[in-house]
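Engineer: In full-length UniProt numbering, the protein residues as written are 1 to 146. The C-beta atom is built at its ideal place from N, Cα and C for all residues, glycine as well. Only a predicted model underlies this, so the values are computations on that prediction, with no experimental measurement involved. The structure follows.
Written as structure tokens, this is what we have:
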């Protein structure tokens, strides 16, 4: 079998020490689409599913992650804005786990030297350890699968 462009990866393989939500779930702006009357951009749609794209920035807790890899953006294709789990920690960052995580390697040539970089997309996000629980049965339900 030939390697497909985007391939499935386990959350714990990408974030072995955990991922922490930094900020909010935001729509991905479509910079190729026409501006609206108010000057804003429409929301980008996923090329594979046609669903609206959302994005989150997560902090990778792995001490071995390089400085360019500490904050990672993950896109989520979902009809409705995904709802992150409640933050039950005393810290400002919410621990999360991605469901249906995929990766796409590419060459980032924006710096002084080209480097291998990764684009991540997920089906949903949830509380760590709850990825195997059906969305409708999770306490943080109401997210992407609605």
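When we look at the beta-carbon of residue 120 and count the other beta-carbons within 10 Å, is it buried (16 or more) or exposed?
Structural biologist: Buried, by the Cβ-count rule.
Engineer: Enumerate, from N- to C-terminal direction, the unbroken beta strand (DSSP E) stretches of 3 or more residues contained entirely within the stretch 39–116.
Structural biologist: As far as the stretch 39–116 is concerned, its whole beta strand (DSSP E) runs of at least 3 residues are 53–60, 71–77, 94–99 and 102–108.
Engineer: Classify residue 82 as buried or exposed, calling it buried when 16 or more other Cβ atoms lie within 10 Å of its own Cβ.
Structural biologist: Buried, because 16 or more other Cβ atoms sit within 10 Å of the Cβ of residue 82.
Engineer: By the 10 Å Cβ neighbour count, where 16 or more other Cβ atoms means buried, how is residue 19 classified, buried or exposed?
Structural biologist: Buried, since its Cβ has 16 or more Cβ neighbours within 10 Å.
Engineer: Keeping to the same chain, check which residues put their C-beta closer than 8 Å to that of residue 53; ignore five residues upstream and five downstream.
Structural biologist: Counting only Cβ-Cβ distances below 8 Å, and skipping sequence neighbours, we find 27, 28, 43, 44, 45, 46, 75, 76 and 77.
Engineer: Using only alpha-carbon positions, find the residue among 50, 95 and 117 that is nearest to residue 104.
Structural biologist: It is 117.
Engineer: Exposed or buried, which one is residue 107 when buried takes at least 16 other CB atoms within 10 Å?
Structural biologist: Burial call: exposed.
Engineer: Please state whether DSSP places residue 25 in a helix, a strand or coil.
Structural biologist: Strand.
Engineer: Checking the sheet assignment: what are the DSSP bridge partners for residue 132?
Structural biologist: Residue 132 pairs with nothing; no bridge assigned.
Engineer: If residue 48 and residue 17 are in contact, beta carbons under 8 Å, what's the gap, nearest whole angstrom?
Structural biologist: Residue 48 to residue 17, Cβ: 30 Å. No contact.
Engineer: Quick one: Cα of residue 85 to Cα of residue 13, how far?
Structural biologist: Distance between the alpha carbons of residue 85 and residue 13 is about 21 Å.
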